[in-house]
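According to the numbering used here, the sequence shown is numbered sequentially starting from 981.
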Amino acid sequence: MEILESIDAASWVGPFSPEIVGKSADALETGKLLYAPQLPFELSTSERRFLSPDCLDGKSKNVSFRPSTSVLKGTRYEGVDRDELLGMLRRYYNQTSALLKGLCPGYDGHLTPGFTSFRPAQIAGRSTSWRHDDTRLHVDAFPSRPLQGLRILRVFTNVNPQTPRNWRVGEQFEQAAAHFLPEIKPPRAGMASILSWLHITKGRRTPYDHFMLGIHDRMKADEAYQSKVPQTHLAIAPGTTWACYTDSVSHAAMSGQFAFEQTFYLPVTAMKDQQRSPLRVLERLVGRKLA
Ligand code: SIN
Ligand code: FE
């Protein structure tokens, strides 16, 4: 299968051609990266000064903005610098929202924004534990943020003036799930209540979240799988934009610096075909309801 579905969208705001609209949601839902090679995120001359890890607070690897509250985190900047940085992230949120509304009209009204993130640090050479190491193939799943079946749809733009962002993309979700599920024990009775009660999780960790975390962890920890699974290396060019469901596309970010990313959540019922969601795939494999 071709992993990239290229579209000739040259603007963040639709309307887009019927050909583009006709294939966008299907490309995403079948595990492809929807790729817009002519869609840069333009920075003003003044904003270009933010292309430096200097804006980070020393603890965070990203600057993050929450559109629902307008809170900005991860930067040491104050005053006008902070306001301008926030404005840049808010604009990325607005443009990616418009883009998905135009490309996937069926999702309109069902997408909830997560964080907007600006990633000014170089990926390669960063030292982290294997569990946090995104240079290992993984599907996205978060220990403290149970999604209870919600999809994770992410839009990325490489704003590096020169160098590509290098990704690896692994096998289809169904294959990865079938590979790792037999190793994952079912959740322990009562554990979800304890985690939620201790505020370790924001909300209840469903069996779906348990299996997704299990796949995330086992995939990252398995060195042989990382090197042997059929995979595609992508050098994603500067000035281009891509979107994918990162809860089902096995991905690893190997190197690159200066990117934006916007997360959206979508209920499986808003998909064109919810049978393609990790929730429904896992439910078929396990043989019971998981969320
Ligand atoms: C990730 O989602 O694993 C990281 C992607 C990136 O920053 O390019
Ligand atoms: Fe990821």
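Beta carbons: idealized from backbone N, C-alpha and C, even for Gly.
Quick check on the burial criterion: 16 or more other C-beta atoms within 10 angstroms. Buried or exposed for Arg1256?
buried
Can you tell which of Gly1150, Phe1136, Arg1184 has the C-alpha that lies nearest to the C-alpha of Arg1099?
Phe1136
Indicate whether Ser1228 and Val1119 have their beta-carbon atoms separated by less than 8 Å.
yes
What span of residues does the alpha helix (DSSP H) with Ile1000 cover, start to end?
998-1009
Closest to Leu1161 by CA distance: which of Ala1169, Phe1191, Trp1147 is it?
Phe1191
Please return the same chain residues whose Cβ sits closer than 6 Å to the Cβ of Cys1084, not counting the five positions on each side in sequence.
Ser1004, Ala1005
Based on the DSSP secondary-structure assignment, which residues constitute the bridge partners of Leu1036?
Thr1055
Which two residues bound the contiguous beta strand (DSSP E) that contains Asn1094?
Strictly speaking, residue 1094 in this sequence is Gly, with Asn absent from that position. Per DSSP, Gly1094 belongs to the beta strand (DSSP E) from 1092-1099.
Can you give me the Cβ contacts of Pro1210 inside the same chain, cut-off strictly under 8 Å, excluding the 5 residues immediately before and after it?
Gly1150, Glu1151
Start-end ranges of the beta strand (DSSP E) lying completely within the stretch 1190-1219, minimum 3 residues:
1212-1216
Cβ shell of Ser986 (< 8 Å), same chain only, five flanking positions each side left out:
Tyr1015, Ala1016, Pro1017
Same chain, Cβ closer than 6 Å to Thr1276, neighbours up to 5 away in sequence not counted
Only positions 981 to 1271 of the chain appear in the structure, and residue 1276 is not among them; the question remains open.
For His1159, three-class secondary structure by DSSP
helix
Among the candidates Ala1239, His1159, Phe1244, whose CA atom is the shortest distance from the CA of Cys1224?
Phe1244
Tell me whether Asp1114 counts as near ligand 2, meaning its Cβ is closer than 7 Å to at least one heavy atom of that ligand.
yes
Could you check what DSSP says for Gln1254 in three-state terms: helix, strand or coil?
helix
Please confirm whether any heavy atom of ligand 2 lies closer than 7 Å to the CB of Thr1010.
no
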